[in-house]
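Taking it in order: structure first as structure tokens, then the write-up.
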Amino acid sequence: MTKKESFIKAITFRKCFPVPYVIRFTIEAEERYQSFLGGTFDEILDTGSYAVFSQTNSGWLEVRPGYFKDYFGITWNKTKDRTLGIVDRYPIDKPSLKGFQFPSADDLPVFKYIERNNSCFPDHFHFLSIGFTLFERAWSIVGMENLMQWMLLEPEFVHDLLDNIVEYNIKLIQESAKIGGLDGVRFGDDWAGQNGLLIGGDLWREFIKPRLMRMCDAAKAENLYIGQHCCGKVESLIPDMIEVGIDVFDPFQPEVMDIYDVFKSFNGKISFMGGLSIQKTLPYGSIKEVSDASYKLLDELGSQGGYIFSPSHALTGDIPPENIREMINIVRHQSKNF
Amino acid sequence: MSEILEKIAYCVEFGKINQQSPYPPDMKGQLGADELTKEALDTGLAPEDILKKGLVIGMERIGIKFRENKVFVPQVLMSAKAMSTAIEHLKPFFQSGDVKRSGIFIIGTVAGDLHDIGKNLVSMMVEGNGWEVVDLGTDVSADKFVNAIKDNPGSHVGLSALLTTTMINMEHILKEVKAASPETRVLIGGAPVSEDFKNKIGADFYSPDPQGAVEYLNSLVA
Ligand code: B12
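Residue numbers (the working numbering), protein chains in the order written: chain E, 1 to 338; chain Y, 339 to 560.
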């Protein structure tokens, strides 16, 4: 069975051995791990990950040292955080779209990554990964505080802004699908912090959910599976995610929800990817703790289908390389059959 | 409490900025914190009472609701906006010394960390509860904190960190702050921070939410 087939098997709730997994690194973590190993390191080949991601967060233009323009023309300062960075200046500071040009999704750098991943990793599950999908895209244009205030004060404007973003996303999905080779699309949108939803369920259902549904419909029309990435305490939205048609949810942060409980409640309706703590176990745990937590995830969740093993975020630079090596060893050499 | 002070508190709690503001929909056309504060001053109410028995009460209520996940960031932002609009009318009294703030609170997200939403909320809440806030922004070094304390004697400090990679910088900043100004209380918070971590590094206070910080700071001046 190819990695792609295993991945699909798992996210369609069928038992799959070995349990598919995905391990991703931030730049800082990758550099540290590479120097620990003392050679070159490839995130996909040397972890054995089952999925590849063609990302819209790549292929940005460096406009001056350390500053990059994304597909929406927004400049990100990557001088501090090199993986993602922060918005340098929000292009819209009044609730009006006048003068703002939304990009066309006809010709984007991500299309080349799709082709490249198709030829390098034909046997992997292949995601089009739309970073900053909707809520995040909106705040990257107007600023988080403006966006949240305008949801209450200028709802018409926010609806308009989000509609434009959705049009672009749908076109992006359709154009990407034309290239062929994709298995899924993954939306990236953080709706929650450690203690709860950022905008609450009511505003989320008013502004985000109907549009998420449209994007899911567009993806389904292209026969793509749908992943949703959302950090934070977002458990209360899982039934809505199921309703709109999300197939696999990540990163399944264990500090903000009882992942075993959540899995039990929703198994068979949505699958989960993540679960190994990057806030506790990986940075602060002993090798033994990393090993125990990894086996527990594989044994209790992986054995049932509906689960992809993964850390609860791309690995950060503070995680001891020994812990990363232990985790990779365990998932690469799964021996226990169920 | 006089009726107008209660109305002011209500406007802050529900984020009614001024008469023009469309939010909240069920208060459309009604006077907001802006007009009511001005009216209260015109009728001769003491500015100190308007602040502490009106505005602050509203802010406290929203802080509690936020802690209990009954409202979310957008609603808190509206309350903060109502509050700051009203505060504009009180500014002359702060300057003349007629109204005293409870103290000065310096806050920043620690070195290496760029997350600012939580820090901003703490800042708004503390300010809305009658404190003067000096917000140093994100990616703030120990030096900057120490200098800000020197510029604002008697102040207390809040450190925010959202990353395990930057949380460790709190320990260093705490040491430098305490070395420069032992009596300064240091409050910490942010996603990965915990009571255990607070005890480990020896900070003075930890809270998972802004209201906790407000209550602690108020207890220092009670
Ligand atoms: C939004 C977000 C971002 C935004 C930040 C935008 C901004 N302007 O702030 C962006 C996209 C830029 C971002 C970037 C990154 N992020 Co981020 N981000 C988040 C997210 C989803 C929500 C944070 C948030 O705003 N919460 C909402 C506010 C209201 O809550 P809060 O910040 O926790 O604050 C509250 C309390 O903690 C408390 N509080 C906060 N400060 C203080 C201070 C005091 C004194 C007190 C008393 C209380 C207090 O009161 C606040 C109000 O209730 C979290 C998820 C999570 N679980 O928290 C990840 C998260 C924090 N990010 C994470 C990561 C890894 C990153 C990146 C490294 C990603 C990357 N490059 O690949 C970068 C780092 C950039 C940098 N160097 O700082 C990880 C951290 C993991 C770890 N090991 O610690 C998290 C936990 C996600 C995850 N899946 O694990 N991120």
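The beta carbon of each residue, even a glycine, is placed where N, CA and C say it ideally should be.
Q: Determine whether the Cβ of N86(E) lies closer than 8 Å to any Cβ atom of chain Y.
A: Sequence inspection shows Ile at residue 86(E); the Asn mentioned does not correspond to that position. Yes, because at least one Cβ of chain Y sits closer than 8 Å to the Cβ of I86(E).
(Q) Taking contact to mean 3 or more Cβ pairs, one atom from each stretch, closer than 8 Å, check whether the region 361-368 of chain Y and the region 396-407 of chain Y are in contact. (A) no
Q: Would you check whether ligand 1 has a heavy atom nearer than 7 Å to the C-beta of A529(Y)?
A: At least one heavy atom of ligand 1 is nearer than 7 Å to the Cβ of A529(Y), so yes.
Q. In its own chain, which residues sit with a C-beta less than 6 Å from the C-beta of K15(E), not counting the 5 before and 5 after it?
A. G305
Q. Alpha helix (DSSP H) containing W150(E): first to last residue?
A. 144-153
Q.
Measuring straight from C-alpha to C-alpha, what distance separates N537(Y) and G527(Y)?
A. Straight-line Cα distance between these residues: approximately 13 Å.
Q) Out of curiosity, what's the CA-to-CA distance linking L512(Y) and A541(Y)? A) Between L512(Y) and A541(Y), the C-alpha separation is close to 7 Å.
Q) Would a check of beta-carbon distances place L276(E) closer than 8 Å to chain Y? A) Under the Cβ distance rule, L276(E) does not count among the residues neighbouring chain Y, no pair being separated by less than 8 Å.
Q | 8 Å CB neighbourhood of G450(Y) in its chain, flanking five on each side removed | A | D477, L501, T503, T504, N507
Q | Three-state secondary structure (DSSP) of D436(Y) | A | D436(Y) falls in the coil class under three-state DSSP.
Q. If we cut at 8 Å on Cβ distances, does G456(Y) have a partner in chain E?
A. yes
Q.
So T79(E) contacts chain Y; which residues on that side make the cut at Cβ distance below 9 Å?
A. Under the 9 Å cutoff, chain Y gives no residues; its nearest Cβ is about 10 Å from T79(E).
**Q.** Beta-ladder partner(s) of W76(E), from DSSP
**A.** F68(E), V87(E)
Q: Tell me E62(E)'s beta-bridge partners as DSSP assigns them.
A: Paired residue(s): F68(E).
Q: Could you check what DSSP says for T504(Y) in three-state terms: helix, strand or coil?
A: helix
(Q) Using a Cβ-Cβ cutoff of 7 Å, what residues of the region 198-232 of chain E are near chain Y? List them in chain order. (A) L198, I199, G200, L203
**Q.** Element boundaries [alpha helix (DSSP H), containing M213(E)]
**A.** 209-221
Q: Below 6 Å CB to CB, which residues in the same chain sit around T2(E) once its five sequence neighbours on both sides are set aside?
A: D123
Q: Could you tell me whether the region 215-224 of chain E touches the region 463-480 of chain Y, where touching means 3 or more Cβ pairs closer than 8 Å?
A: no
**Q.** K354(Y) classed as buried or exposed, judged by whether at least 16 other C-beta atoms fall within 10 angstroms
**A.** buried
Q: Identify which residue in K98(E), M151(E), Y67(E) has its Cα closest to the Cα of M416(Y).
A: Nearest option by C-alpha distance: M151(E).
Q.
Looking at ligand 1, does it come within less than 7 Å of D190(E), judged from the CB to the closest heavy atom?
A. Distances between the C-beta of D190(E) and the heavy atoms of ligand 1 include at least one below 7 Å.
Q. Which residues of chain Y have a Cβ atom closer than 8 Å to the Cβ of N195(E), listed in chain order?
A. Contact note: N195(E) reaches chain Y through N407, P546, D547, using a C-beta cutoff of 8 Å and chain order.
Q) Residues of chain Y with CB under 9 Å from T316(E), in chain order? A) L501, T502, T503
Q.
So with CB distances below 9 Å, who are the chain E contacts of S461(Y)?
A. Within chain E, no residue comes near S461(Y); the closest Cβ sits about 12 Å away, beyond 9 Å.
Q: Answer yes or no: do E255(E) and K280(E) have a C-beta to C-beta separation smaller than 8 Å?
A: yes
Q) Taking Cβ positions, are S294(E) and V331(E) nearer each other than 8 Å? A) yes
Q. Which parts of the region 256-305 of chain E are runs of the alpha helix (DSSP H), unbroken and 4 residues or longer, counting only runs that do not cross its ends?
A. 259-266, 281-284, 287-296
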